[in-house]
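Protein chains in written order, with the working numbering: chain S, 5 to 166; chain A, 5 to 166.
Virtual Cβ for every residue (Gly too), placed ideally from N, Cα, C.
Everything on this sheet refers to the single structure shown next.
Number of protein chains: 2
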Amino acid sequence: MRLNRLTDYAVVMLAHIGRPGRESGPEAGGRRVVTAAEMAADSGVPLPTVAKLMKLLAQAGILASQRGALGGYRLARAPERITMAEIIAALEGPIALTACVDGREGDCEVESLCPMRGNWDKVNRAVRQALDAVTLADMSLEPQRFPPVAAAAAARPVAQAS
Amino acid sequence: MRLNRLTDYAVVMLAHIGRPGRESGPEAGGRRVVTAAEMAADSGVPLPTVAKLMKLLAQAGILASQRGALGGYRLARAPERITMAEIIAALEGPIALTACVDGREGDCEVESLCPMRGNWDKVNRAVRQALDAVTLADMSLEPQRFPPVAAAAAARPVAQAS
DNA sequence: CTTATACGGTACCAAATTAGTCCCCTATTG
DNA sequence: CAATAGGGGACTAATTTGGTACCGTATAAG
Ligand code: SF4
Ligand code: SF4
Numbered sequence: 005m006r007l008n009r010l011t012d013y014a015v016v017m018l019a020h021i022g023r024p025g026r027e028s029g030p031e032a033g034g035r036r037v038v039t040a041a042e043m044a045a046d047s048g049v050p051l052p053t054v055a056k057l058m059k060l061l062a063q064a065g066i067l068a069s070q071r072g073a074l075g076g077y078r079l080a081r082a083p084e085r086i087t088m089a090e091i092i093a094a095l096e097g098p099i100a101l102t103a104c105v106d107g108r109e110g111d112c113e114v115e116s117l118c119p120m121r122g123n124w125d126k127v128n129r130a131v132r133q134a135l136d137a138v139t140l141a142d143m144s145l146e147p148q149r150f151p152p153v154a155a156a157a158a159a160r161p162v163a164q165a166s
Numbered sequence: 005m006r007l008n009r010l011t012d013y014a015v016v017m018l019a020h021i022g023r024p025g026r027e028s029g030p031e032a033g034g035r036r037v038v039t040a041a042e043m044a045a046d047s048g049v050p051l052p053t054v055a056k057l058m059k060l061l062a063q064a065g066i067l068a069s070q071r072g073a074l075g076g077y078r079l080a081r082a083p084e085r086i087t088m089a090e091i092i093a094a095l096e097g098p099i100a101l102t103a104c105v106d107g108r109e110g111d112c113e114v115e116s117l118c119p120m121r122g123n124w125d126k127v128n129r130a131v132r133q134a135l136d137a138v139t140l141a142d143m144s145l146e147p148q149r150f151p152p153v154a155a156a157a158a159a160r161p162v163a164q165a166s
C-alpha cells in the first residue's frame, strides 16, 4: 500500500512546476518552463532519474516538452485539471490493486477457482475515486501548519488555536 | 499502487473462512474453525505460506487461533466488522502512501526541503477512508454477475437477482 | 502420560521488482 | 555549425517480496 518513491518525487516536482514562479517574467500568460537539470538541482534528486520521470510524464500527456535550446517542460494543463490518479497511473500503470481487476483476465493463475474475482473491483473503484478527487492544485497548497496528532494539542488554552 | 499478492490471498482466505460452511455441524452458533492445511488445500496456495499469513492475521487480532489437536483459526469478529483497511494494515503495515505521512518523520531523507510534506496526508486519508468503507462481508458476496455499469440495471424491480 | 495434531516464532534463500545509471540520437535555437 | 535540452532504450545494483525450513509450544484423544 505504499507507492513508488519515484511517483512521490514526480508529484513533488509537478507541484513545483505548477507553483507560480518567483520571478514574474514573460511566461506570465503561459505556464512555466523548467528544464530537467533545474528540477534536479531544486529537488536534490539525481538528474538522470529526473529525466526519466519527466519523459514518462510527458508521454502520459501530463507534461508538455519543448526540445532544443531554451527547451524544457511545462504542465500540459492547469494543475486543477491534473488528478493524482492520472499521475500515479502514468508512472505505475493503471490503478489495479490486484491482478483480476480492470477486466484484464488471465493475469492471476488461480482466478478460475477464486470465489471473489469481481469483488475486488469495489475496493479498486473506491480507491480510484479517492485518487481522482485530489488534484495537483490541492497538492501545491502550503502544507497545513498543524500535523494530525497536534490537532488536540493545538487546542491547548495557551495556544490561540484557530 | 498494487498490493502484495499475499494480501490478496489473505483476503480471499478470510472471505472463505467467513463464508457459511456447507455442512451445518455443531459449529452453527460460533464461527467456523479451519486449519491452515485446509486453507492451503482449498486455495492452492502452498501450506507454509498460508501458515505465515494466518500467523500475521492472528497477531493482528483478525483471526483467533486455537492450538493443539482440533485447533485451527476462526474469525475474531463478524465479517461485517472487519475492514479492508485493517487487513491491509495487518499485512503491509500502516497505510502510508509515502514516507512522510502518519506523523512519522525522518523516514524521508529530503523531507526538510520538500515543500509538500503535509499535503500527502490528504490523499492518504482519502484512500484510507475508501478502504475503511469496505468490509470483509462485502467481499464475501457472490461476485456480481453484471459488470460495474449494470449497477443501475440491477436495481430493476423485475429481476429477482439470482 | 504419551502421542498426534496444529499453531508460534525465527531465520533463511531465491526470484522479482525498483531505483538509478549510461550512452547515443534527435530537435531547436542562434 | 555549435550548444542546449529532451527521447529512447539497455543495463546494473539494491531492495523488497514470496516462499521455505526448522524447531518450539499448546491441546485433545486415548
Ligand atoms: S482471481 Fe482471486 S486470487 Fe486472483 S487476483 Fe483476483 S482475487 Fe486475487
Ligand atoms: S517529504 Fe516530500 S519527498 Fe519526502 S516522502 Fe514526503 S512528500 Fe515525498
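Inset, instruction - Sort out for me which residues DSSP pairs residue 38/A with in a bridge. - result: BP columns for residue 38/A point to 77/A.
Inset, instruction - Give a yes or no on contact between the segment 10-21 of chain S and the segment 50-68 of chain S, applying the rule of three or more CB pairs nearer than 8 Å. - result: Result yes; three or more Cβ-Cβ pairs closer than 8 Å.
Legend entry - Backbone CA spacing between residue 58/S and residue 78/S [nearest angstrom]: Rounded to whole angstroms, residue 58/S to residue 78/S spans 10 Å at the Cα level.
Inset, instruction - For residue 99/A, decide whether its Cβ has a neighbour in chain S, counting only Cβ atoms nearer than 9 Å. - result: Closer than 9 Å to some Cβ of chain S, the Cβ of residue 99/A qualifies, so yes.
Inset, instruction - Identify each residue in the segment 52-66 of chain A for which the Cβ-Cβ distance to at least one residue of chain S is less than 9 Å, and report them in chain order. - result: Within the segment 52-66 of chain A, no residue qualifies.
Inset, instruction - Measuring only between beta-carbons, confirm whether residue 43/A sits less than 9 Å from chain S. - result: Closer than 9 Å: no.
Inset, instruction - Please confirm whether residue 100/A and residue 22/A have their CB atoms less than 9 Å apart. - result: Not a contact, by the Cβ cut-off of 9 Å.
Legend entry - Limits of the unbroken beta strand (DSSP E) element including residue 67/A: Per DSSP, residue 67/A belongs to the beta strand (DSSP E) from 67-70.
Inset, instruction - Mind checking who residue 87/A pairs with in its DSSP beta bridge? - result: Per DSSP, the beta bridge partners of residue 87/A are 139/A.
Inset, instruction - Can you grab the Cα-Cα spacing for the pair residue 136/S / residue 5/S, in whole Å? - result: Take the alpha-carbon of residue 136/S and the one of residue 5/S: they are about 17 Å apart.
Inset, instruction - Following the continuous alpha helix (DSSP H) through residue 16/S, name the residue where it begins and the one where it ends. - result: Residue 16/S -> alpha helix (DSSP H) spans 9-22.
Inset, instruction - Just the C-alpha distance for residue 87/S and residue 138/S, rounded to the nearest angstrom, thanks. - result: Distance from the CA atom of residue 87/S to the CA atom of residue 138/S, rounded to whole angstroms, is 6 Å.
Legend entry - Reduced DSSP category for residue 6/S - H, G, I as helix; E, B as strand; rest coil: Three-state DSSP puts residue 6/S in coil, outside helix and strand.
Inset, instruction - Verify whether the separation of the beta carbon atoms of residue 70/S and residue 134/A is less than 9 Å. - result: Judged by their CB atoms, residue 70/S and residue 134/A are not nearer to each other than the 9 Å cut-off.
Inset, instruction - Rounded to whole angstroms, what's the CA-CA distance from residue 144/A to residue 125/A? Just pull it up for me. - result: Cα atoms of residue 144/A and residue 125/A: separation of roughly 30 Å, rounded to the nearest angstrom.
Inset, instruction - Count the other CB atoms, across all protein chains shown, that sit within 10 Å of the CB of residue 8/S; report buried if there are 16 or more and exposed otherwise. - result: Residue 8/S comes out exposed.
Inset, instruction - In the DSSP assignment, find the alpha helix (DSSP H) that holds residue 55/S and state where it starts and stops. - result: Start and end: 51-63.
Legend entry - Partners in chain A for residue 92/S, counting only beta-carbon separations shorter than 7 Å: Taking the beta carbon of residue 92/S as reference, the chain A residues within 7 Å of it are 5, listed in sequence order.
Inset, instruction - Determine, using beta carbons only, whether residue 73/A and residue 119/S come nearer to each other than 9 Å. - result: When the beta-carbon positions are compared, residue 73/A and residue 119/S stay at least 9 Å from each other.
Inset, instruction - With distances taken Cα to Cα, identify the nearest neighbour of residue 40/A among 92/A, 46/A and 55/A. - result: Ranking 92/A, 46/A and 55/A by CA distance to the CA of residue 40/A puts 55/A first.
Inset, instruction - Could you check the C-alpha separation between residue 96/A and residue 75/S for me, to the nearest Å? - result: Their Cα atoms are separated by approximately 42 Å.
Legend entry - Test: residue 37/S CB closer than 9 Å to a CB of chain A: No, residue 37/S does not count as interfacial toward chain A.
Inset, instruction - Can you give me the Cβ contacts of residue 128/S inside the same chain, cut-off strictly under 8 Å, excluding the 5 residues immediately before and after it? - result: Cβ within range, chain order: 99, 100, 101, 102, 105 and 106.
Legend entry - Simplified DSSP state of residue 111/A, which is helix, strand or coil: Of the three classes helix, strand and coil, the one that applies to residue 111/A here is coil, per DSSP.
Legend entry - Closer than 8 Å: residue 115/S CB and nearest ligand 1 heavy atom: Result yes, Cβ under 8 Å from ligand 1.
Inset, instruction - Put residue 43/S into one of helix, strand or coil per three-state DSSP. - result: Helix at residue 43/S.
Inset, instruction - Quick one: using the 10 Å Cβ neighbour count with 16 as the cut-off for buried, is residue 93/S buried or exposed? - result: Flag for residue 93/S reads buried.
Inset, instruction - Kindly indicate if chain S contains any beta-carbon less than 9 Å away from that of residue 133/A. - result: Interface residue, yes.
Inset, instruction - Indicate whether at least one CB of chain S lies closer than 9 Å to the CB of residue 119/A. - result: Taking Cβ atoms only, chain S reaches closer than 9 Å to residue 119/A, which makes this a yes.
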